[in-house]
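Undergrad: This is the structure, below, for whatever I ask next.
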């Protein structure tokens with residue numbers, strides 16, 4: 373490879389341009405008295421060579437410039453050599469060498485940047501292909517899942533004959549499993565849609581207290597099956613409050629479902645999941661508290677990243693999409709979402725949104 377690069381440099385028209393400039397400086401250098409240092413002009417062919425020729429050719433040009441600059445001390449031989457002449461020549465040699473070194477480093481830096489840009493572009497293309505594949509796959513999976521759920525529900529309603537109680541139990545399990553798969557597929561689709569198109573919000577005044585109660589009611593079946601009790605309260609007050617925000621009912625409902633389902637699934641039997649809703653300054657704050665396994669400190673910064681699955685039992689069982697989607701939704705509303713450990717056991721997942729003044733509508 374070095375030999376091929378050298379041959380290519382010799383054939384390059386820029387090489388002969390450099391040689392021509394080099395020859396002009398050589399003539400000026402040796403046609404003038406040694407006290408006049410023309411060696412500085414070798415900088416021009418060195419810089420031109422650095423932009424086009426191989427590294428070997430550049431080093432040869434620098435070496436030739438240094439040798440010729442020093443040689444002019446003794447050639448022509450009839451000139452008297454004195455200290456200032458030698459010092460000037462040495463300074464010129466240093467300047468030429470430094471120019472060559474710095475220009476070479478600049479060239480290497482530019483080449484490294486180009487290589488990194490190529491790698492980044494390749495990685496971006498791979499990510500785009502991967503995301504398109506995942507989005508297409510999720511879309512193609514959604515239709516057969518919907519068909520399977522409809523068929524199972526038709527069986528459950530007795531459209532294809534009488535169903536025994538044991539069969540109804542099996543069908544209920546199958547329907548629930550397919551619905552979970554459908555939710556996962558829809559979450560995956562939404563994640564990619566939000567990243568490519570942005571999250572489109574239908575904003576209206578929403579009372580988070582009412583929304584939390586609705587979601588808790590819809591999850592009673594899940595919490596009952598797992599023997600987990602849901603409890604809503606309003607900070608230091610036992611009375612229901614109005615926590616108004618300007619938000620998208622559908623999207624915020626998904627956040628509540630994700631956080632409550634997460635808390636129920638990770639709570640031991642007989643435990644309690646608490647939902648605390650309160651107003652703090654100009655924000656409405658929601659905290660979902662469970663008494664399950666806590667969160668490892670090294671996993672906290674990555675909890676809301678896409679597809680993140682930690683090593684703890686709490687995170688390893690999920691898809692890594694629910695919390696990421698929740699973060700997308702809350703941030704689109706101008707809020708923040710977080711997670712922390714609960715003393716003495718469990719975890720707290722919370723979010724806050726800008727508050728609206730109290731409204732009776």
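Residue numbers (the numbering used here): 373 to 733.
In this text, a Cβ means the ideal position worked out from N, Cα and C, and glycines have one as well.
#1: How would you label residue 532, buried or exposed, when you count the other beta carbons within 10 angstroms and need 16 or more for buried?
#2: What first and last residue would you give for the alpha helix (DSSP H) that runs through residue 550?
#3: Could you tell me which residues DSSP pairs with residue 705 in its beta bridges?
#4: So, with DSSP's three-state summary, where would you put residue 722?
#5: Any idea what DSSP makes of residue 712, helix, strand or coil?
#6: Measuring alpha carbon to alpha carbon, tell me which residue in 719, 726, 628, 636 is nearest residue 669.
#7: Under DSSP, the beta strand (DSSP E) around residue 322 begins and ends at which residues?
#8: Taking all protein chains shown into account, decide if residue 439 is buried (16 or more other Cβ within 10 angstroms of its Cβ) or exposed.
#9: Does residue 652 come out as helix, strand or coil in the three-state DSSP assignment?
#10: Output needed for residue 698: all residues of its chain with C-beta closer than 7 angstroms, excluding positions within five of it in sequence on either side, in chain order.
#11: Evaluate residue 499 with the Cβ neighbour count: other Cβ atoms within 10 Å of its Cβ, from every protein chain shown; 16 or more gives buried, anything less gives exposed.
#12: To the nearest angstrom, report how far apart residue 521 and residue 654 are at their CA atoms.
#13: Taking contact to mean at least 3 C-beta pairs separated by less than 8 angstroms, is the region 631 to 646 in contact with the region 579 to 591?
#14: May I ask which residues mark the beginning and end of the beta strand (DSSP E) holding residue 603?
#15: With H, G and I counted as helix, E and B as strand and the rest as coil, what does DSSP make of residue 453?
#16: At what residues does the beta strand (DSSP E) containing residue 579 begin and finish?
#17: Looking only at its own chain, which residues have a Cβ that is under 7 angstroms from the Cβ of residue 458, when we skip the five neighbours before and after it?
#18: Can we say the region 483 to 499 touches the region 466 to 474, given the rule of at least three CB pairs closer than 8 angstroms?
#19: Name the two residues that bound the continuous beta strand (DSSP E) containing residue 617.
#20: In the DSSP output, which residue or residues are listed as bridge partners for residue 646?
#21: Please classify residue 617 as buried or exposed, where buried requires at least 16 other C-beta atoms within 10 Å of its C-beta.
#22: For residue 675, which option in 660, 666, 695, 659 has the closest C-alpha, if you only look at C-alpha atoms?
#23: Ordered along the chain, which non-local residues of its own chain (more than five positions away) have a Cβ less than 8 angstroms from that of residue 447?
#24: Give, in chain order, every unbroken run of the alpha helix (DSSP H) that is at least 4 residues long and sits entirely within the region 395 to 461.
#25: Whole angstroms is fine: what's the gap from residue 574's alpha carbon to residue 422's?
#26: Just reading off the alpha helix (DSSP H) that residue 595 is part of, what are its end residues?
#27: If you draw a straight line from the alpha carbon of residue 542 to that of residue 530, how long is it in whole angstroms?
#28: Report the rounded CA-to-CA distance for residue 517 versus residue 501, giving the unit in angstroms.
#29: DSSP on residue 687, reduced to helix/strand/coil?
#30: Checking 9 angstroms against the spacing of the C-beta atoms, do residue 693 and residue 534 come in under that value?
TA: If we stick to the structure as given:
#1: As a first step, residue 532 is located in the chain shown; it is residue number 160 there, counting from the start. It counts as exposed.
#2: As a working note, residue 550 is residue 178 in the chain shown. Residue 550 -> alpha helix (DSSP H) spans 537 to 569.
#3: Taking the chain shown and counting its residues from 1, one reaches residue 705 at position 333. In DSSP, residue 705 forms no bridge with anything.
#4: For the purposes of this step, residue 722 is identified with residue 350 of the chain shown, where counting begins at 1. Residue 722 falls in the strand class under three-state DSSP.
#5: To locate residue 712, count along the chain shown from 1; it is residue 340. Here residue 712 sits in strand by DSSP.
#6: If you number the chain shown from 1, residue 669 lands on position 297. Answer by Cα proximity: 719.
#7: The structure shown does not extend to residue 322, since the chain spans only 373 to 733, so no value can be given for it.
#8: Indexing the chain shown from 1 puts residue 439 at position 67. By the neighbour-count rule (16 or more Cβ atoms within 10 Å), residue 439 is not buried but exposed.
#9: As a working mapping, residue 652 is identified with position 280 in the chain shown. Looking at residue 652 - three-state DSSP - the assignment turns out to be strand.
#10: Taking the chain shown and counting its residues from 1, the one referred to as residue 698 is at position 326. For residue 698, where only same-chain residues beyond five positions count, the Cβ hits under 7 angstroms are 627, 630, 631, 709.
#11: Along the chain shown, one-based indexing puts residue 499 at 127. Per the 10 Å Cβ criterion, exposed.
#12: As a working note, residue 521 is residue 149 in the chain shown. As a working note, residue 654 is residue 282 in the chain shown. Whole-angstrom Cα-Cα distance: 44 angstroms.
#13: yes
#14: Position 231 of the chain shown, counting from 1, holds the residue named residue 603. Unbroken beta strand (DSSP E) run through residue 603: 601 to 605.
#15: By 1-based counting over the chain shown, the position of residue 453 is 81. Three-state result, residue 453: coil.
#16: Indexing the chain shown from 1 puts residue 579 at position 207. 576 to 579 is the span of the beta strand (DSSP E), which, as asked, contains residue 579.
#17: For the purposes of this step, residue 458 is taken as residue 86 along the chain shown, with counting starting at 1. Answer for residue 458: 445, listed in chain order.
#18: no
#19: For the purposes of this step, residue 617 is identified with residue 245 of the chain shown, where counting begins at 1. Counting along the chain, the beta strand (DSSP E) containing residue 617 begins and ends at 616 to 619.
#20: Your numbering for residue 646 matches position 274 in the chain shown. Partner(s): 603, 661.
#21: Position 245 of the chain shown, counting from 1, holds the residue named residue 617. With 16 or more Cβ atoms within 10 Å of its Cβ, residue 617 is classed as buried.
#22: Counting from one through the chain shown, the residue named residue 675 turns up at place 303. With distances taken between Cα atoms, residue 675 lies closest to 695.
#23: Working through the chain shown from its first residue, we reach residue 447 at position 75. Excluding positions up to five away in sequence, the list reads 402.
#24: 415 to 424, 427 to 443
#25: The count along the chain shown starts at 1 and reaches residue 574 at position 202. The count along the chain shown starts at 1 and reaches residue 422 at position 50. So the two alpha carbons sit approximately 59 angstroms from each other.
#26: Here residue 595 is taken as the residue at index 223 of the chain shown, counted from 1. Unbroken alpha helix (DSSP H) run through residue 595: 592 to 597.
#27: On the chain shown, residue 542 is found 170 positions in, with the first residue counted as 1. On the chain shown, residue 530 is found 158 positions in, with the first residue counted as 1. C-alpha separation (whole angstroms): 14 angstroms.
#28: Residue mapping note: residue 517 aligns to position 145 of the chain shown, counting from 1. Residue mapping note: residue 501 aligns to position 129 of the chain shown, counting from 1. Computed Cα separation, rounded: 24 angstroms.
#29: Start at 1 with the first residue of the chain shown, and residue 687 comes out as number 315. Note that residue 687 has pLDDT 47, beneath the 50 cutoff, so the model's placement of it is unreliable and the number below is only indicative. Residue 687: helix per DSSP, three-state reduction.
#30: Residue numbering aside, residue 693 sits at position 321 when the chain shown is read from its first letter. Residue numbering aside, residue 534 sits at position 162 when the chain shown is read from its first letter. Cβ distance not < 9 angstroms, so residue 693 and residue 534 don't count as in contact.
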